[in-house]
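Structure, as structure tokens:
Number of protein chains: 2
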Amino acid sequence: MPYGYIGKILRVDLSDSRITVEEPEENFYRRYFGGRALIAYYLLKELQPGIDALGPENILIFAGGVATGVPISGSGRNSVGAKSPLTGGYGDGEVGGFWGAELKRAGFDAIIVKGRAEKPVYLSVADGHGEVRDAAHLWGKETTEAQKAIRDELHDDAVRVAQIGPAGERLVRYACVINDVNRAAGRCGIGAVMGSKRLKAVAVRGHQPVPVKEPEALKRLSQWLLANRDLFQGLHENGTAGGLMALDAAGGLPTRNFMQGSFKGAEAISGQTMRDTILVKRDTCFACAVACKRVVKAESPYDVDPVYGGPEYETCAALGSNCMIDDLKAVARANQVCAANSIDTIAVGTTIAFAMECFEKGILTPKDTDGIELRFGNAEALLQALNLIVARKGIGNLLAEGVARAAEKLGGEAPSLAMHVKGQEVPLHEPRLKHALGLGYAVSPTGADHVHNFHDTAWSQETKLLRDSKTLGILEPLPAQRLDARKTRAFTYFTLWRHFMNSAVLCIFPPWSYSQVAEIIRAATGWDTSIWELLKVGERAANLTRAFNVREGFASGDDDIPDRFFHAFTEGPLAGVAYSREAFLAAKRLYYQMMGWDEETGIPTAAKLHELDLGWVAEELGRHGKP
Amino acid sequence: MPYGYIGKILRVDLSDSRITVEEPEENFYRRYFGGRALIAYYLLKELQPGIDALGPENILIFAGGVATGVPISGSGRNSVGAKSPLTGGYGDGEVGGFWGAELKRAGFDAIIVKGRAEKPVYLSVADGHGEVRDAAHLWGKETTEAQKAIRDELHDDAVRVAQIGPAGERLVRYACVINDVNRAAGRCGIGAVMGSKRLKAVAVRGHQPVPVKEPEALKRLSQWLLANRDLFQGLHENGTAGGLMALDAAGGLPTRNFMQGSFKGAEAISGQTMRDTILVKRDTCFACAVACKRVVKAESPYDVDPVYGGPEYETCAALGSNCMIDDLKAVARANQVCAANSIDTIAVGTTIAFAMECFEKGILTPKDTDGIELRFGNAEALLQALNLIVARKGIGNLLAEGVARAAEKLGGEAPSLAMHVKGQEVPLHEPRLKHALGLGYAVSPTGADHVHNFHDTAWSQETKLLRDSKTLGILEPLPAQRLDARKTRAFTYFTLWRHFMNSAVLCIFPPWSYSQVAEIIRAATGWDTSIWELLKVGERAANLTRAFNVREGFASGDDDIPDRFFHAFTEGPLAGVAYSREAFLAAKRLYYQMMGWDEETGIPTAAKLHELDLGWVAEELGRHGKP
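Chains as they are written, first to last, in my numbering: chain H, 20 to 646; chain S, 20 to 646.
Pasting the structure below:
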């Protein structure tokens, strides 16, 4: 079997435009893979604790993984990471599209950006080289316009662009990084970090196919996927929002800033309605058969340009049900504003829902909102608020700081209405429906996050996920509204897998089994890898990110979720079903122990770090008196 | 993919000859597999702590694993377990041959024997049924004679017999169970348990081929093995004793009761010399291409019957170098006496070496030994002592109790010369050459043991084992004479694997990679298994056995090795190379932590047990106030 994975990392210092190329040894990639583990490695190695996330000392890392860009469904993603301006801890966002694969074709596994440019710049990376270019003329432009300008000036329409829009430039704390103008590395406010560096965009172009060690294996896997279209047909047909009505029926569709679990307007904002109304096309990411992306178009009452794709489930729930908006065109329009300006739809939705609750409770008044009647269900008000956030004007300037900081500023009852963990806005999944998911929000290194979480409902019956999970030793179904030791065990194993997937930067939507993912890695790298090795990469990512947060001063008390989740719904299918803080805290402690972390502090033990071949992290924590 | 592993367990109560058949659900097999994990499961569930290992309350379990008996190299083994009369803790021995495969063909994964027969009996198992039969006429017979008598009376020469000889009947504490008259389930004194139950033999016969879910996969693996004969040619050519001279050259050949690491007579007792002198044939186990077994023949000065096979490495070193005997024919004769009488060659060799040291130091005198000049190098004396042990006569009656009990009875300096851990005699591998191996002796649930241990020398250079181990995430070579955190990590992972192999009851000699073993399990069961799942089965075995020992009162202080190992050799290649108790103790503590055990007591934490889906074990330990 061929052996020898080769990867390169591009280093850019914006303070002097210096560009260098590093070529870490193969075992570096085998230990840290890419994405989350690789980003956390560099953040721990190269940042001083306590630095300002929006200062020049922060570093910004774009990273694929060892299988990014090989011709297989799910391999087109990339991760963008930095110290998060929302949480002050480890931050990353993941995004699909074509940019990640293009970066690999250009010869790089990752780009590490440090410093701050004096004037706006963008980075052009092509076939093994990088160049810092002036972006003064791009600054202030929305994403579509900026992408066109870059492609024009590089004389190449095939250039792939990751960029920020005006919200990133203005340091909206939950600004995201936009690929291909319609995919978002949404979470953690990485777009604000990019803005703080005055880095408008990273344009990449490569002409070398990504080497594959066992192309036949990839072909076999692709054929299997095409022969099993039924496994992803629903996702293809209705997109991620195709499951919205089921969540509503189960009583777990975030509604009215998480005060309710079902929404009368659910069907109106569902993937099925989208299909039947505004959908004009289905779109895909690099090499992917699933094609879960939406392309929507509308003209009145809201103008929606298909270039921006269409809203995902998270967007439909964040800007729809959770704000009680049942107008899909309004949601699609808001989605477009976010894509054009590089705003995380989850964070902004949760923030606006909070503002609406404040408004209805009189914590915010029309005087605060420039007269906007910021009530649940008012789509016009939502769009107005969104535009103010982009512009950082009026109430928008407050809300652009994120729900946690806005609530702190408002004071009084407001913080108890702010749905966030560690400063990151809660995504649109309900812990009262999925009990381990709540634990996942609490212990995620990035604050409330759904991408590497556990969705209990998928484990409570004979789903493909549960059948596949026998491979990990999880042999029986686990009731969704329970958080016992067995659930905690499954949660622990599965979130290690998610941490791995975030390090390999593989998409979770193609219905690959664990074994098939291992085959993909084997085919891409030639390594005789195993699910053990991959889970240990995931565990490395979990420990590196936690070590980063510990060094920044995070403590066990920060691993918590909003109190609202511990109050049972009073109506709907889950009315009266308890999600007890006591069970949550017991599970958290058990999770710490299962992870080999101190059961009180949640700090990784030296033994665990050594077990992961991360002795250097134990030393680093020791230098900072942890534990 | 077909799914549905079916297995049956035969239950025999010798006190009333009652026989029943159980059919545990598939997930039972997926959790506990067979061999060690299955045996430990039943010992924990069905024994009361503190019972006499040689009393009727003990249970005796013969077990294969889920892949036993499928047509692939390494699948012919079985395990025999019980509470050990040597250690008072968990005990098992593993053995090759054909018996294990035959048991599966007879329809059973395991046989559980309880009680004690009033008169000698044997058990006949054939095609789904069992029968307790009179064995009065077999009692006292050597193995070859007894096997012939059983086959004659069952009118079937293809019956496979696992049995004890006279040493087992007389409860020699290190009596073993003999398969096919020439393979030994050697360790832990399980043959004495069998003797205490008055169970002479278990004869099995089956006519149903073992179901295989993916026969083509097994064929491909077999073809790969045959195409890679160079990977096992050495083992085939010279047997396990083929490596004896290399150990001698490295300074790690146990010599003179572990006082020396090299032996002038090494070549004379090596596999190479065996090949060139007394070897008449090479033998194999069920379905195995390796054929590492020896068949030797001699007439003078020692009569050696080829029916008993030939000595393994352990035997050559135990009864050869460690007693300073350089006469291969004498070693082969002693090997025959052990096979005919069911004695563990390792234990008896280490015990006689101890007696020789005592004799030379005047702790034993000719008066104690019936005049035998029990000096190092005296082959005649060794054979005389061996015969006295079998007969439990004179000095033999003392030595039949095992080295730990014999030394205690002698008192004075004697215990410091007794090379054992937890009462089990040290096998023929040298911790001063292989530092993690010493840790392995200490923490093994069965006391000093080599079958599931770590052989540091194989990890210190680019061996196939090290290359394969990248699959577990062990990426770089590890110096043999070091016991740091990295070594402890590799030791921890690898011994989990060995615990798994002892649960699958697969042989470690066919050069299968980790991935290939997973393929074998997949092909045999239809389970989409993974190395993660298999290592967790191994971890389950490690925790079940430790929990059993904890319940029996074992404590951290019992996880120790003889002090002799911490004194550097004064001559030979390892002269002056330190193996420090300090490093050993630090590694032991780190190992406890890496295992999720209390770092002080070595007791599995409840969290670790829950992580392994062994909540019932946490409850059981809790009932006994542990921790």
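Every residue gets a Cβ at the ideal spot worked out from N, C-alpha and C, and that includes glycine.
Can the beta-carbon of residue i be found closer than 8 Å to that of residue j?
i, j, result
"H/A404", "H/G415", "yes"
"H/G459", "H/F510", "yes"
"S/G184", "S/S361", "yes"
"S/E113", "S/R96", "yes"
"H/S94", "H/A306", "yes"
"S/L142", "S/P104", "no"
"S/P320", "S/K348", "yes"
"S/A285", "S/L263", "yes"
"S/Y598", "S/H454", "yes"
Please report the distance separating the alpha-carbon of residue i from that of residue j.
i, j, result
"S/S36", "S/N521", "30 Å"
"S/M20", "S/G545", "Unreliable placement is indicated for S/M20, whose pLDDT of 40 sits below 50; no coordinate value is reported for it."
"S/K607", "S/K167", "48 Å"
"S/G641", "S/V180", "41 Å"
"S/S289", "S/V524", "28 Å"
"S/H226", "H/S488", "35 Å"
"H/K216", "H/A82", "18 Å"
"S/D363", "S/D503", "33 Å"
"H/P498", "S/E45", "21 Å"
"S/T259", "S/G88", "23 Å"
"S/E42", "S/K27", "5 Å"
"S/V229", "H/G492", "24 Å"
"H/A236", "H/I539", "8 Å"
"S/H448", "S/F395", "19 Å"
"H/L393", "H/D345", "15 Å"
"S/A359", "S/E172", "20 Å"
"H/E724", "H/T162", "One cannot answer for residue 724 of chain H here, as it falls past the ends of chain H, which runs 20 to 646."
"H/V367", "H/Q279", "19 Å"
"S/E638", "S/V326", "49 Å"
"S/L628", "H/E630", "18 Å"
"S/D578", "S/Y512", "19 Å"
What residue range is occupied by the uninterrupted alpha helix (DSSP H) comprising residue i?
i, result
"S/Q500", "That residue, S/Q500, is in no alpha helix (DSSP H); it is neither H nor E in DSSP."
"H/A101", "Premise fails: H/A101 lies in the beta strand (DSSP E), N97 to K102, not in any alpha helix (DSSP H)."
"S/T544", "Y533 to T544"
"H/V422", "V422 to L429"
"S/K133", "It is not in any alpha helix (DSSP H) - S/K133 instead sits in the beta strand (DSSP E) that spans A129 to K133."
"H/R49", "E45 to Y51"
Who pairs with residue i in a beta bridge, going by DSSP?
i, result
"H/D577", "For H/D577, which the question treats as bridged, DSSP gives no partner whatsoever."
"H/V314", "H/K300"
"S/Q182", "S/I197 and S/A220"
"H/H439", "H/E444"
"H/L515", "DSSP lists no partner for H/L515."
"S/P75", "Answer is none; S/P75 lacks a bridge partner."
"H/K506", "H/K506 pairs with nothing; no bridge assigned."
List the endpoints of the continuous beta strand (DSSP E) containing residue i.
i, result
"H/H661", "Nothing in the structure corresponds to residue 661 of chain H, since chain H is present only between 20 and 646."
"H/T388", "First-last for H/T388: undefined, no H or E at that position."
"H/D487", "Careful: H/D487 lies outside any beta strand (DSSP E), inside the alpha helix (DSSP H) at K483 to D487."
For residue i, is the beta carbon positioned less than 7 Å from some heavy atom of the ligand ADP?
i, result
"S/E286", "The ligand ADP is absent from the structure shown, which contains no ligand whatsoever."
### Members of the segment 620-633 of chain S that neighbour chain H once the beta carbon cut-off is set at 7 Å
Listed in sequence order: T624, A626, H629, E630 and D632.
### Query
If contact means a Cβ-Cβ distance below 8 Å, which residues of the segment 526-539 of chain H contact chain S?
S532, Y533, S534 and A537
### Query
Listed in chain order, which residues of the segment 34-65 of chain H have Cβ atoms closer than 8 Å to some Cβ of chain S?
N46, R49 and R50
### Query
When Cβ atoms are compared, which residues of the segment 597-616 of chain S fall closer than 8 Å to chain H?
L609, Q612, M613 and G615
#### Entry: the segment 505-526 of chain H: positions lying closer than 9 Å to chain S by Cβ
R505, T507, R508, T511 and Y512
### Query
Given a limit of 7 Å on CB to CB distance, which residues of the segment 470-485 of chain S reach chain H?
none
### Message
Closer than 7 Å between beta carbons: that is the criterion. Which residues of the segment 548-565 of chain S meet it against chain H?
### Response
T548, S549, I550, W551, E552, L554 and K555
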